[in-house]
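Residue numbers (the working numbering), protein chains in the order written: chain A, 55 to 134; chain B, 2 to 313.
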């Protein structure tokens with residue numbers, strides 16, 4: 055799942071570093087992701103994983119690192 | 002059964018009955034009467050007095066903006082519902098005839114219009130940023146302007162206009178300088194509005210971003226305390242009206258328009274704007290429709306000096 059998240063970050067997060075070599079716990083905002091880019095990441099993740107992030111998950115914390123994104127996706131796809 | 006009068010309509014009607022605003026057919030669009038304009042100029046003059054030692058560069062822009070600036074600034078990513086682009090006619094004789102016929106027959110005539118290179122200015126500060134490109138002086142730059150702004154949000158509420166003026170200041174510098182400047186103006190704004198007898202208070206706020214993505218942008222903006230407003234109860238105590246808005250953009254415009262600090266880093270920017278018509282309407286609602294009958298300290302503060310003093 056982390057590689058799929060990295061691929062979406064590469065295409066949508068407009069990071070100043072290579073998304074594919076990013077550590078799971080690296081801060082995506084510090085790596086150059088803007089608020090607008092995080093929205094594009096969210097929408098791309100929703101398309102790829104066929105989920106819809108509820109309002110409570112639309113935070114900088116949830117979209118702040120690969121491992122946090124994975125945690126949210128696992129919660130949303132649990133039992134699916 | 003009696004119905005409660007709508008406070009928005011009641012305030013609108015009262016402003017109209019005193020000639021302060023002049024209906025112009027479309028919600029959120031109205032003319033301003035002489036007394037309204039006198040109060041507005043005097044309030045704007047007070048802002049000039051507060052700011053006069055800051056050494057800001059004054060600029061004036063027309064109410065239209067290069068469309069590329071709007072596109073580049075990501076305004077349409079955040080507020081597609083508020084933007085207004087200018088369309089015009091590019092055709093020849095036969096198309097002009099078709100257009101004319103459509104108008105006179107009451108049919109839509111937009112098929113004969115195409116987008117021009119300009120849009121209506123969506124926020125007073127937008128024309129400024131492209132001109133800040135390059136390396137800033139060591140102390141950064143400070144710009145002072147009063148511009149007309151368009152927002153596509155027709156409303157019966159007189160404080161929610163489609164076209165209005167904003168007295169705006171923009172600071173471009175390092176993060177520390179920008180935040181300190183913003184915080185100082187927050188205090189200045191509160192002091193100024195309170196000195197005019199308005200119940201002003203500041204709050205963390207969010208912009209009216211569009212859609213689901215917009216909810217995420219608003220959350221992010223609130224979490225980082227990037228926007229403050231100074232609010233005053235105008236229509237209802239429970240829903241105060243924002244008279245003044247402070248936006249800290251971090252490196253958003255610096256990145257997009259290539260604005261750099263003297264040591265080569267991407268510059269940060271913030272802007273703050275007083276909604277001039279809203280400030281005037283708040284004064285009328287709070288103190289009454291006749292300025293001569295306002296509390297003496299308020300009247301004297303506004304009328305003690307000539308509104309043209311800024312030019313002297």
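Here a beta-carbon is modelled for each residue, glycine too, at the ideal position from N, C-alpha and C. It should be emphasised that the depicted structure is a prediction, and the values quoted were computed from it without experimental measurement.
Cβ distance (whole Å) where residue i is taken to contact residue j below 8 Å
i, j, result
"residue 244/B", "residue 275/B", "6 Å"
"residue 98/A", "residue 111/A", "Not really, about 15 Å apart at Cβ, beyond 8 Å."
"residue 143/B", "residue 55/B", "6 Å"
"residue 200/B", "residue 233/B", "6 Å"
"residue 208/B", "residue 228/B", "6 Å"
"residue 75/B", "residue 176/B", "The pair is not a contact, with the Cβ atoms about 20 Å apart (cut-off 8 Å)."
"residue 174/B", "residue 137/B", "7 Å"
"residue 271/B", "residue 182/B", "7 Å"
"residue 49/B", "residue 114/A", "The Cβ separation is near 38 Å, so there is no contact."
"residue 79/B", "residue 215/B", "7 Å"
Identity of the residue in the options nearest residue i by Cα
i, options, result
"residue 85/A", "64/A, 77/A, 70/A", "70/A"
"residue 57/A", "79/A, 120/A, 108/A, 114/A", "120/A"
"residue 231/B", "184/B, 294/B, 109/B", "184/B"
"residue 281/B", "133/B, 198/B, 265/B, 221/B", "198/B"
"residue 115/B", "47/B, 262/B, 89/B", "89/B"
"residue 155/B", "31/B, 293/B, 217/B", "31/B"
"residue 61/B", "285/B, 242/B, 170/B, 35/B", "170/B"
"residue 194/B", "39/B, 11/B, 45/B, 36/B", "45/B"
"residue 127/B", "157/B, 172/B, 178/B", "172/B"
"residue 53/B", "11/B, 186/B, 93/B, 82/B", "186/B"
"residue 8/B", "49/B, 159/B, 205/B", "159/B"
"residue 291/B", "11/B, 10/B, 19/B", "19/B"
"residue 212/B", "77/B, 263/B, 192/B, 125/B", "77/B"
"residue 77/A", "132/A, 104/A, 123/A", "123/A"
"residue 264/B", "238/B, 145/B, 272/B, 139/B", "139/B"
"residue 58/B", "141/B, 266/B, 69/B, 38/B", "141/B"
"residue 85/B", "105/B, 71/B, 273/B", "71/B"
"residue 246/B", "266/B, 205/B, 224/B, 216/B", "205/B"
"residue 210/B", "51/B, 81/B, 65/B, 36/B", "81/B"
"residue 108/A", "130/A, 81/A, 79/A, 59/A", "130/A"
"residue 224/B", "196/B, 249/B, 298/B", "249/B"
"residue 241/B", "161/B, 92/B, 165/B, 11/B", "161/B"
"residue 299/B", "36/B, 273/B, 40/B, 180/B", "40/B"
"residue 262/B", "33/B, 179/B, 165/B", "179/B"
Three or more C-beta pairs under 8 Å: does that hold for the segment 250-257 of chain B against the segment 19-30 of chain B? no
Return the residues of the segment 66-88 of chain A that lie within a Cβ-Cβ distance of less than 8 Å from chain B, sorted by chain order. 88
Looking at C-beta atoms only, is the number of pairs between the segment 150-168 of chain B and the segment 117-134 of chain B that lie closer than 8 Å three or more? yes
Whole beta strand (DSSP E) elements within the segment 60-122 of chain B, 3-residue minimum: 65-67, 86-89, 115-121
For the segment 64-78 of chain A and the segment 89-104 of chain A, state whether three or more C-beta atom pairs, one from each stretch, are separated by less than 8 Å. yes
Below 8 Å, how does it come out for the segment 132-142 of chain B and the segment 83-103 of chain B: are there three or more Cβ pairs, yes or no? no
In chain order, what residues of the segment 190-223 of chain B put their CB closer than 7 Å to some CB of chain A? 214, 216, 217, 218, 220, 221
Completely contained beta strand (DSSP E) runs for the segment 232-284 of chain B, where each covers 3 or more residues: 240-251, 269-276
Segments assigned alpha helix (DSSP H), at least 4 residues, entirely inside the segment 61-105 of chain A: 89-103
Against chain B: residues of the segment 97-116 of chain A by CB proximity under 7 Å: 97, 109, 112, 113, 114
At a Cβ cut of 8 Å, what residues of the segment 118-134 of chain A count as close to chain B, listed as they run along the chain? none
Between the segment 281-295 of chain B and the segment 7-21 of chain B, do at least 3 Cβ pairs fall closer than 8 Å? yes
What residues in the segment 69-87 of chain B have a beta carbon less than 8 Å from any beta carbon of chain A? 75, 78, 79
Inside the segment 151-211 of chain B only - alpha helix (DSSP H) runs reaching at least 4 residues: 176-196
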